[in-house]
Structures are given as structure tokens and as C-alpha cells.
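For reference, the structure is listed below as C-alpha cells.
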């Protein structure tokens, strides 16, 4: 076992999620996470600011992916099409292998008020980042923020379906369904 | 001056907002708010849990108003129509007399990360409450949450316009405009 071993980060994240699920987030210490992962506390803190951030370590990458997809949508794409492209692109992250992790993560977050708040802030940051990416496509406000927030509403609903569905429905299919539903509901 | 004088609550809220604007939220103490209002700290704590809650004292009433309007929409109204009725009903609160207060409150909140988070949580609570009110109208999920979240996106955009516009545009007119815009954007 090496402190610098491959995937120390992944082992720490896995150990943390297991412990949060077994004992609850508040009842778990960084020391316990390190022991479970077969690593040291120092190694933990080399990878994560604190035990909460383990659960949000992917947020920055997700945000980059969404922003990049909005920016890369064809010039001809309208705001909702650019946002749809971003939601579809998130299928890279939300693939079949990720589902169990996502489901367990969500259960841990649902059980804890502080984590629910952190998750809300994450979603709001995603919405702001998407709105900003739309503005760079010369979409003016309020269209930019309205489309971004509607997009995040679709994201949430898609995520809920993807994570809970018994059926193994694909992320991209669920995005299309949810977008279509929004269109019908608002229309 | 009486501790039980009429509108002690209103005087405290006004004094708090003034001080937050002048000195910043973090730099203001409850003692200073009480002095500015000509009241005691004890009176402050009879009305508000802490200095943050002064800014969120209206949230529960706003939520009740929105939920009541969703519940009272005609039986024939679809989900987006029930949500539109709720947004329009909020014009009772967001009237011309309220605008200066709302603008100052927003400036204070924008300047402080903790308050911005609290505001996000408030908006998420409003969305959940509206979704729940829709479910009681036998709107199933994900339609209920999708419509509620789209409604809150419209609420935010409307609020931003209402509070910042140089023109004295009426809340209800802005709600209609924003709803129409969402329809065009998503459609």
C-alpha cells in the first residue's frame, strides 16, 4: 500500500460513501474513512478539503462539461437547444457504471440537511454557469437565465428518474423525455 | 416608547435593513438593531430568531400565499396555469410600496455568501411547496416538480425585473411577460 498508490482518491471516495451510508454522514470521521481506504488522514486531506467535499468532488468537472457543451453547440442552435446539448453531454458522466454510486450518494445527501443545502448551492452554480455560457453565445437576459434554470429543472428531474428507475433507461433518453415533457407542460 | 408598541416588528426589520445596507450584514449586531429601532434586544428576540431571519421573515407567508393560490385555481386549470395563478397572486406582496424594501433587501443578500445560500434554500422550499400543492391537485411526478421548478425560474426572473427596472412595471404584467418568454424559449 502506497500513499501515492494509484487511485487513492477513488478509494477514499468509495470508503467515505460506504461509511456515510452505514453510519450516517455526521457520525463518520476522516480518520475512519482513511482506515477503511487503507490510507492515512494526511492522504485524505491531500485529495479533499473535508469530508463533505468528497461528495462534491465531481461538481467542477460536471460544470466544465456542461459549459463546454453549451459553448460547442452549433452556431445555429437556439438557447434551449444549446442547453439540451449540454444535458445530453452529461450522459458521459451519468453512465451505467455510475448509477449505483449516484444512487448511494443521493441517499446520503437526502438524509442530511447540511448536505442538501450544499447540493442546492451546487445546482444553483450549475445554473449560473450555464446562463453565463449562454450569454457568451449572445443570448441576452432574461432569456439566458430563464433557459438555464429551466435546463436545471430538467436536469434534476432527469437525474431523479435515472437514479431511481428500476428499468435501466439511458440518461440521454431520459433527458429527451424530460425536455419534451417540459415543452408540453409549458406550451 | 413601549416594548409592546404597535409594529415593533416592522421597526426592527426596517432598522436591521438600514444597518445591513450601511455597515454590511456581518458588521451589524442585534444590539445595534434594537438601538436603531428604539427597542431592546429582548424585544428583538421576541420577534426574530436571529439577525439573519429578519430578512426571511416573510418567506412563510409568501409560501402560504403561493400554495393557497395553486390549491384555489379552477379545477379545469392545468399545472402551468395553476402555477401562473400563484405567481400572479404574489403581486399582493410585491406591490409598489414594497419595491424599495425588496431592492434594498436584495442588495444586502447579494453582498453576503451566507445570505445568498439562505435565499437559495428559500427558493427551493417554495418550489417543493408548489410541487406538493400540484400533487394535491392530482398532478403526478415528474410533471409536478418540473412545473414547480419552471415556475420558480419564472418567479426569479420576474423578481429581478420588478426590483431593478427603472420603469414602474407592475408585478403581474412582468409575470405574464416572463411566462410568455419561457413558453417561447422552451417551445
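Protein chains in written order, with our numbering: chain A, -11 to 175; chain B, -11 to 175.
From the three backbone atoms N, C-alpha and C, an ideal C-beta is built for every residue, glycine too.
Keep in mind that this is a model prediction, so the values were computed, not measured.
Residue contact check for residue 169 (chain B) against chain A: a CB pair falls below 9 angstroms. Taken through DSSP and simplified to helix, strand or coil, residue 81 (chain A) comes out as coil. In this structure, DSSP gives residue 126 (chain B) a state outside helix and strand, which the three-state scheme calls coil.
For residue 62 (chain A), the secondary structure class from DSSP, reduced to helix, strand or coil, is coil. By the beta-carbon neighbour count (other beta carbons within 10 angstroms, threshold 16), residue 128 (chain A) is exposed. The three-state reading of DSSP puts residue 12 (chain A) in coil, since its state is none of H, G, I, E or B.
Shown here, residue 31 (chain B) sits in a helix according to DSSP, grouped into three states.
Cβ-Cβ distances below 8 angstroms link residue 14 (chain B) to 100 in the same chain, with the five nearest sequence neighbours on each side left out; the list follows chain order. Sixteen is the threshold: when 16 or more other Cβ atoms of the shown chains lie within 10 Å of the Cβ of residue 72 (chain B), as they do, the residue is buried.
Contact fails between the segment 20 to 30 of chain A and the segment 46 to 60 of chain A, because fewer than three Cβ pairs, one in each stretch, are under 8 angstroms apart. By the Cβ-count criterion, residue 33 (chain A) is exposed, with fewer than 16 other Cβ atoms from all chains shown falling within 10 Å of its own Cβ. Cα atoms of residue 151 (chain A) and residue 10 (chain B): separation of roughly 47 angstroms, rounded to the nearest angstrom. Across the segment 90 to 123 of chain B, CB contacts with chain A closer than 8 angstroms involve 105, 108, 109 and 112, in sequence order along the chain. Just so you know, the alpha carbons of residue 39 (chain B) and residue 120 (chain A) end up roughly 32 angstroms apart.
Closest in C-alpha terms to residue 158 (chain B), from the list B:77, B:171, B:115 and B:138, comes B:77. In the structure shown, residue 40 (chain A) falls within a coil segment according to DSSP collapsed to helix, strand and coil. Under the 9 angstroms criterion on CB atoms, residue 163 (chain B) is classed as non-interfacial with respect to chain A.
Within chain B, no C-beta atom comes nearer than 8 angstroms to that of residue 78 (chain A); the closest sits roughly 17 angstroms away. Residue contact check for residue 74 (chain A) against chain B: no CB pair falls below 9 angstroms.
With the criterion set as a beta carbon lying under 7 angstroms from some beta carbon of chain A, the segment 1 to 19 of chain B has no members that meet it. Residue burial is scored here from C-beta neighbours: residue 139 (chain B) has at least 16 other C-beta atoms within 10 angstroms and is therefore classed as buried. Between the beta-carbon of residue 74 (chain B) and that of residue 57 (chain B) there is about 4 angstroms, and that keeps the pair under the 8 angstroms contact cut.
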